[in-house]
Amino acid sequence: MDMAQTGQQALASQSPPHRNDAALLMELAGTLGLEDETARQFAGSGRLSLGDIEFALHTNDRSAHPRQLIAEAALACPPQVERSTWHDALLVANEAAMISGEWGFVVDEEGAASLVMRVTESMQTPACLRAVLEGMYELCTAVREGASALPTSQRVSQ
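Written out as structure tokens, the structure reads:
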């Protein structure tokens, strides 16, 4: 099974949040301290860039009720990290991520990673969504920094 293709197919079936989610995203933007224009763009698209990490909130079109959001944080393989080292670091992080919650990494053909999480209806509040995005940011940053700190020829062992 091609995990990258499967992950990309799952993401392709998702849409930006529905219009009725704009108010929720504006509230979330306020808790994140976003400037007015950035907040409006985020509320309209569900997308936000923080440094080199791209965040997106999608609705899952395949689930009618209860409606679910999918949170995604995408980051590229650091240029100084060999692709095999990057993949190994993501596999190790994925094990812990999947044990601790409903999230996991997928990798595309270019080696970019996306951390994807299902956000249940009960978590669709500005405070919970902020915590989700912050947690995703922290995990993505830790994986990137950990992989970057390894010698170029060293692989992560499990």
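So in our numbering, spot 13 of the sequence shown is number 37, and the numbers just go up one at a time.
Backbone N, C-alpha and C define an ideal beta-carbon position, used for all residues, glycine too.
Just so it is clear, the structure is predicted and the values come from calculations on it, not from any experiment.
Spatial neighbours of residue i within its chain, please: CB distance less than 7 Å, with the 5 preceding and 5 following residues excluded, ordered by chain position.
{"i": "L56", "result": "R154"}
{"i": "L52", "result": "P150, L153, R154"}
{"i": "E169", "result": "none"}
{"i": "L58", "result": "F66"}
{"i": "R107", "result": "C101, G135"}
{"i": "H9", "result": "Within the shown structure, residues of the chain are numbered from 25 to 182, placing residue 9 beyond reach of any answer."}
Out of the options, state which residue places its alpha-carbon closest to the alpha-carbon of residue i.
{"i": "N118", "options": "L93, A80, M160", "result": "M160"}
{"i": "S124", "options": "Q92, R142, D60", "result": "R142"}
{"i": "A121", "options": "V167, P103, Q104", "result": "V167"}
{"i": "V156", "options": "E133, A113, E126, E134", "result": "E126"}
{"i": "E158", "options": "T62, M50, F79", "result": "F79"}
Once DSSP output is grouped into helix, strand and coil, what is the label at residue i?
{"i": "E125", "result": "Looking at the sequence itself, residue 125 is Gly, so the reference to Glu does not match. DSSP places G125 in coil when its eight states are reduced to three."}
{"i": "A136", "result": "coil"}
{"i": "L174", "result": "coil"}
{"i": "E59", "result": "coil"}
{"i": "A34", "result": "Residue confidence for A34 is low, a pLDDT of 43 falling below 50, so the modelled location carries little weight; the figure read from the coordinates is stated next. Residue state, collapsed to three classes: helix."}
{"i": "T144", "result": "coil"}
{"i": "T149", "result": "coil"}
{"i": "E162", "result": "helix"}
Under DSSP, the alpha helix (DSSP H) around residue i begins and ends at which residues?
{"i": "V105", "result": "That residue, V105, is in no alpha helix (DSSP H); it is neither H nor E in DSSP."}
{"i": "A47", "result": "46–56"}
Could you check whether residue j and residue i sit closer than 9 Å to each other, using their CB atoms as the reference points?
{"i": "A67", "j": "A47", "result": "yes"}
{"i": "L49", "j": "T62", "result": "no"}
So, at 8 Å on beta carbons, what are the nonlocal neighbours of residue i in its own chain, with the 5 sequence-adjacent residues on each side left out?
{"i": "Q92", "result": "T83, N84, R142, V143, T144, E145"}
{"i": "C164", "result": "I77, A97, L99, A137, L139"}
{"i": "G54", "result": "A63, P150"}
Over what stretch of residues does the beta strand (DSSP E) that includes residue i continue unbroken?
{"i": "S73", "result": "71–74"}
Tell me which residues share the same chain as residue i and place their Cβ nearer than 6 Å to its Cβ, disregarding the 5 neighbours each side in the sequence.
{"i": "L81", "result": "P41, G70, L93, A95"}
{"i": "A100", "result": "A136"}
{"i": "G31", "result": "Low local confidence applies: a pLDDT of 43 at G31 is under 50, so the model's placement there is unreliable, with the coordinate-based value given in what follows. Same-chain partners within the cutoff: V130."}
{"i": "L114", "result": "F129, A137"}
{"i": "M147", "result": "none"}
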